[in-house]
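A.B. asks: For reference, the structure I am asking about is given below.
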Amino acid sequence: PDQWPKEYWDQAFAQIKGTGFEVVRFGEMAWDWLEPGDSSFKFKELDAAMDLCGKHGLKVILGTAIAQAPQWLISRYPDILPIAHDGSKHPEYGPRPNACRDNPNFRRYAKRLVEKLASRYSRHPSLFMWQLDNEPGYPPLDLTENKDWCHCEATRKAFLNWAKNKYGSIDRLNAAWGTKFWVETFSNFSEIKTPKGGMWDAGNPHIYLDWFRFKSESISEWLLFLKEIVRKHDRTHKIGTNSFTSIPNRIPDHSVIARGMDWFGWDIYPKGTMNPDESLAQIADYWKGVCKQNKAEFWVMELQAGPNVRWGYPGRVTGEEIKRWTKILVEHGAKGIMYFNWRPPLFGSETGGFGLLNADGSPSDRLQAVKEIIKSYEGEKSIFRLPTNRLAIYHSKTSEIQTFQEEGFPRPCPPIWFCGRGEIGMFYGLNSLAGAYRLVHPYGAEFLFDEQLEQGELECEVLLLTNPYTLSKKQFEHLREFLEDGGKVVTEARFGMKDEMGHLYPTPLISNIVKSQNLSCEIIEEDISVEGLANNITGFKTEGQPNLGVIEIGKGKLIYANFSLFPNLTKPGNEALVERIRKEIDL
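Each residue of the sequence shown is one higher than the last, beginning at -11 in my numbering.
Below is the structure:
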């Protein structure tokens, strides 16, 4: 409502209710609407919007407004603008988010506004749920340049304290970070800086791994900080946040930032990112897994309702596409779906994008499709969900970040240097998940994460262990127990090459299960053929040839490829290999 004339609100809310919607969402980026100047709070218009929703029988997911800092706050405290690894400052009118959440001035002002919102609206009859922040990640998510954030002094202090709490002593930290290599040993914690060269440029891989973990845990701490403020005033309504996938190096570990959330929302633009139905189902199952691990409700907080602008493919979205997407999301566990958005904005960075209505406010075929969707679900007491607990896919954020750190970004370089394969580094982990899901689609699967494997929480019959590059010894022992008890594991090259800190094991962990000699290990991207692959292998040398072994271990079975199996399964020409593995896991 802050983006439209007040005279339009009553008509808009009436139309929204008339379509069949029960819930609306607003206020996530509205700081200057509610506090146009320091301590100049103006809630009259938000009061009116909330009351109008009540008049029309609509409930509100209310944002905490502080996802973007207002210009008056930036002018007063320019140090809240984030600093990139190269020392450049976030542009004044640049992409969001525009403030470092570690900055004490930003936190102080954000806390004050959230306090006032929570105390004022916690008992409003239109309130349905609270949304903390908006797509929280270290800024700026929308910047097109490959930069790492944030390297301001506040974040340096936060990183230093995080490292101190994790390791306790400087000797333990030096050992974990491998600082004896290239004369990097710290004599005390105060010498620690944020790693500005860790994104492939021969930076310390162990520091970079912890740097990424710190950023995920720091965002989690920020969200829990906001949740505690709201909870002081509201013990009733659910509180959560939203995020999205892709851009692995910028997006935090979802299994971490969802901690303590009552709901966790996914923002998905299938046309913009050109997701086929299989991909949409895969990410929905992934999100459901994140929510299940954290006992949070799975919501789709933004489903694309019109053509993209700026980000992604701008093609027209049809009503039939929205119907198909909604059906997939419901079948794969979404408790609620919010369409983004009602009407295309007439100004700003998203001008003309996404709406269910046309720009002039007239109905589109997409609106008619949504009416039909809502009508089709009316009176449903239970909605069909795909059973998925038999199959599980493991996603290791540690392995994903370690792979990215080694390969880096797509980039030019001098002819005498190997330029790396940034396209693999950026998306190897995501492509591995897509390949694993090709095996189980359309059945669906559970998703498991680093912490669950560390705790031995393997409630499945078949585990697809993607990108198993980094494994702790404890994780490995849980896998061995799972196999011996009758489980099936499908996995691939680089199994347990490194530990959870990225230190190389003298012999890969796979050698404790498969009698083998490791000559070298590499990510490969060539197509492969099912012909000539060996069965029932108890030991082999690679010698440059791909092998697929089926090994009985206790009551279970290990299907082990000594090549990059999963990223290749989605490639044309490998359909026979997909069917072969499906057979091995009784699909």
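For every residue, glycine included, the Cβ atom is placed at its ideal position computed from N, Cα and C. Owing to the predicted nature of the structure, the values given are computational and were not obtained by experimental measurement.
If I measure Cβ to Cβ from residue 148 and keep anything under 7 Å in the same chain, skipping five residues before and after, which residues do I get?
C.D. replies: Locating residue 148 in the sequence shown gives position 160, counting from the first residue. Here the set comprises 177 and 180.
A.B. asks: Distance, Cα to Cα, residue 74 vs residue 461?
C.D. replies: Residue mapping note: residue 74 aligns to position 86 of the sequence shown, counting from 1. Residue mapping note: residue 461 aligns to position 473 of the sequence shown, counting from 1. Cα to Cα, residue 74 sits roughly 37 Å from residue 461.
A.B. asks: Hey, would you say residue 139 sits closer than 8 Å to residue 167, going by beta carbons?
C.D. replies: Reading the sequence shown from its first residue, position 151 is the one you call residue 139. Reading the sequence shown from its first residue, position 179 is the one you call residue 167. No; because the gap between Cβ atoms is not below 8 Å, this pair is not in contact.
A.B. asks: Which of the three DSSP states, helix, strand or coil, is assigned to residue 436?
C.D. replies: Sequence index remark: in the sequence shown, residue 436 carries index 448 (1-based). Three-state DSSP puts residue 436 in a strand.
A.B. asks: Can you tell me where the beta strand (DSSP E) with residue 229 in it begins and where it stops?
C.D. replies: Residue numbering aside, residue 229 sits at position 241 when the sequence shown is read from its first letter. Note, residue 229: beta strand (DSSP E), 226 to 231.
A.B. asks: Using three-state DSSP, classify residue 324 as helix, strand or coil.
C.D. replies: If you number the sequence shown from 1, residue 324 lands on position 336. The answer is strand: DSSP assigns residue 324 an E or B state.
A.B. asks: With 16 as the cutoff for other CB atoms within 10 Å, does residue 571 come out buried or exposed?
C.D. replies: Translated into the one-based positions of the sequence shown, residue 571 becomes position 583. Burial call: exposed.
A.B. asks: Just the C-alpha distance for residue 492 and residue -11, rounded to the nearest angstrom, thanks.
C.D. replies: To locate residue 492, count along the sequence shown from 1; it is residue 504. To locate residue -11, count along the sequence shown from 1; it is residue 1. Near 55 Å, if we compare the C-alpha coordinates of residue -11 and residue 492.
A.B. asks: Buried or exposed, going by whether 16 or more other CB atoms sit within 10 Å of the CB of residue 524?
C.D. replies: Residue 524 sits at position 536 when you count from the first residue of the sequence shown. Summary for residue 524: the model assigns pLDDT 44, below 50, so the residue's position carries little reliability; its value from the coordinates is reported in the next sentence. By the 10 Å Cβ count, residue 524 comes out exposed.
A.B. asks: Run through DSSP, which three-state label would residue 28 get?
C.D. replies: On the sequence shown, position 40 is the one that residue 28 refers to. Residue 28 falls in the strand class under three-state DSSP.
A.B. asks: For residue 91, which residues in the same chain have their Cβ closer than 6 Å to its Cβ, ignoring the five residues on either side in sequence?
C.D. replies: Position 103 of the sequence shown holds residue 91. Cβ neighbours of residue 91 beyond the five flanking positions: 68 and 142.
A.B. asks: Starting from the C-beta of residue 151, find all residues in its chain whose C-beta is less than 8 Å away, skip the five residues before and the five after it, and write them out in chain order.
C.D. replies: Position 163 of the sequence shown, counted from the first residue, corresponds to residue 151. For residue 151, where only same-chain residues beyond five positions count, the Cβ hits under 8 Å are 161, 177, 180, 198 and 202.
A.B. asks: With residue 483 and residue 497 assumed to form a contact (beta carbons below 8 Å), what rounded beta-carbon distance in angstroms separates them?
C.D. replies: For the purposes of this step, residue 483 is taken as the residue at position 495 of the sequence shown. For the purposes of this step, residue 497 is taken as the residue at position 509 of the sequence shown. The Cβ separation is near 6 Å, so the contact holds.
A.B. asks: With a CB to CB cut of under 7 Å and the five nearest residues on each side skipped, what residues in its chain are close to residue 281?
C.D. replies: As a position in the sequence shown, residue 281 is number 293, starting the count at 1. These residues qualify, in order along the chain: 243, 437 and 440.
A.B. asks: What beta strand (DSSP E) runs, 3 residues minimum, are completely inside the stretch 411 to 489?
C.D. replies: The qualifying runs are 434 to 437, 450 to 453 and 476 to 479.
A.B. asks: Counting along the chain, where does the alpha helix (DSSP H) carrying residue 536 start and finish?
C.D. replies: By 1-based counting over the sequence shown, the position of residue 536 is 548. Unbroken run through residue 536 is the beta strand (DSSP E), 536 to 541; no alpha helix (DSSP H).
A.B. asks: Say whether the stretch 91 to 101 touches the stretch 35 to 44, bearing in mind that this needs 3 or more beta-carbon pairs closer than 8 Å, one atom from each stretch.
C.D. replies: No, the stretch 91 to 101 does not touch the stretch 35 to 44.
A.B. asks: When you compare only the Cα positions, how much space is there between residue 568 and residue 258?
C.D. replies: Within the sequence shown, the letter at position 580 stands for residue 568. Within the sequence shown, the letter at position 270 stands for residue 258. Roughly 30 Å between the two C-alpha positions.
A.B. asks: Looking only at C-alpha atoms, which of 10, 325, 225 and 267 sits nearest to residue 254?
C.D. replies: As a working mapping, residue 254 is identified with position 266 in the sequence shown. Per the Cα distances, 325.
A.B. asks: The beta strand (DSSP E) spanning residue 382 covers which residue range?
C.D. replies: In the sequence shown, residue 382 corresponds to position 394, counting from 1. Residue 382 -> beta strand (DSSP E) spans 379 to 383.
A.B. asks: Determine the extent of the beta strand (DSSP E) in which residue 549 is found, giving its start and end residues.
C.D. replies: Start at 1 with the first residue of the sequence shown, and residue 549 comes out as number 561. Run containing residue 549: 544 to 549, per the beta strand (DSSP E) assignment.
A.B. asks: Just confirm the distance between the C-beta atoms of residue 480 and residue 415, as a whole number of angstroms; I'd bet it's less than 8 Å.
C.D. replies: The residue you call residue 480 lines up with position 492 of the sequence shown. The residue you call residue 415 lines up with position 427 of the sequence shown. Their Cβ separation, rounded to whole angstroms, is 16 Å, which puts residue 480 and residue 415 out of contact at 8 Å.
A.B. asks: Give the secondary structure of residue 285 by DSSP, where H, G and I count as helix, E and B as strand, and everything else as coil.
C.D. replies: Looking up residue 285 in the sequence shown gives position 297. Here residue 285 sits in strand by DSSP.
A.B. asks: For the candidate residues 102, 159 and 83, whose alpha-carbon lies nearest to that of residue 133?
C.D. replies: Start at 1 with the first residue of the sequence shown, and residue 133 comes out as number 145. Ranking the options by Cα distance to residue 133, first place goes to 83.
A.B. asks: Leaving aside the five residues before and after residue 262 along the sequence, list all residues of the same chain whose C-beta is less than 6 Å from its C-beta, in chain order.
C.D. replies: Here residue 262 refers to the residue found at position 274 when the sequence shown is read from its first residue. Once the five neighbours on either side are set aside, the close Cβ partners of residue 262 are 301.
A.B. asks: Whose C-alpha, out of 101, 126 and 364, is nearest the C-alpha of residue 27?
C.D. replies: Position 39 of the sequence shown holds residue 27. Per the Cα distances, 101.
A.B. asks: Between the Cα of residue 360 and those of 329, 342 and 312, spot the shortest distance and give me the residue it belongs to.
C.D. replies: Indexing the sequence shown from 1 puts residue 360 at position 372. Minimum Cα distance to residue 360 is reached at 312.
A.B. asks: Between which two residues does the alpha helix (DSSP H) carrying residue 185 extend?
C.D. replies: If you number the sequence shown from 1, residue 185 lands on position 197. Careful: residue 185 lies outside any alpha helix (DSSP H) and carries neither H nor E.
A.B. asks: Find out if the Cβ-Cβ distance for the pair residue 383, residue 269 is shorter than 8 Å.
C.D. replies: Locating residue 383 in the sequence shown gives position 395, counting from the first residue. Locating residue 269 in the sequence shown gives position 281, counting from the first residue. Contact flag unset, no.
A.B. asks: Alpha carbon to alpha carbon, what distance is there between residue 336 and residue 448?
C.D. replies: Within the sequence shown, the letter at position 460 stands for residue 448. Within the sequence shown, the letter at position 348 stands for residue 336. Rounded to the nearest angstrom, the two C-alpha atoms are 47 Å apart.
A.B. asks: Can you give me the start and stop residues for the beta strand (DSSP E) that residue 135 sits inside?
C.D. replies: Working through the sequence shown from its first residue, we reach residue 135 at position 147. Taken as a continuous stretch (DSSP letters only), residue 135 belongs to no beta strand (DSSP E), as it is neither H nor E.
A.B. asks: Does DSSP put residue 335 in a helix, in a strand, or in coil?
C.D. replies: Taking the sequence shown and counting its residues from 1, one reaches residue 335 at position 347. Residue 335 falls in the coil class under three-state DSSP.
A.B. asks: How big is the Cα-Cα spacing for residue 454 and residue 85?
C.D. replies: In the sequence shown, residue 454 corresponds to position 466, counting from 1. In the sequence shown, residue 85 corresponds to position 97, counting from 1. Their backbone Cα atoms lie some 32 Å apart in a straight line.
A.B. asks: May I have the straight-line CA-CA distance separating residue 556 from residue 17, to the nearest angstrom?
C.D. replies: The residue you call residue 556 lines up with position 568 of the sequence shown. The residue you call residue 17 lines up with position 29 of the sequence shown. If you take the alpha carbons of residue 556 and residue 17, they lie about 41 Å apart.
A.B. asks: I'd like the list of long-range same chain contacts for residue 609, defined as Cβ closer than 7 Å, with 5 residues on each side in sequence excluded.
C.D. replies: Because the chain here runs from -11 to 575, residue 609 falls outside it and cannot be looked at.
A.B. asks: DSSP three-state call for residue 152: helix, strand or coil?
C.D. replies: For the purposes of this step, residue 152 is identified with residue 164 of the sequence shown, where counting begins at 1. Three-state result, residue 152: helix.
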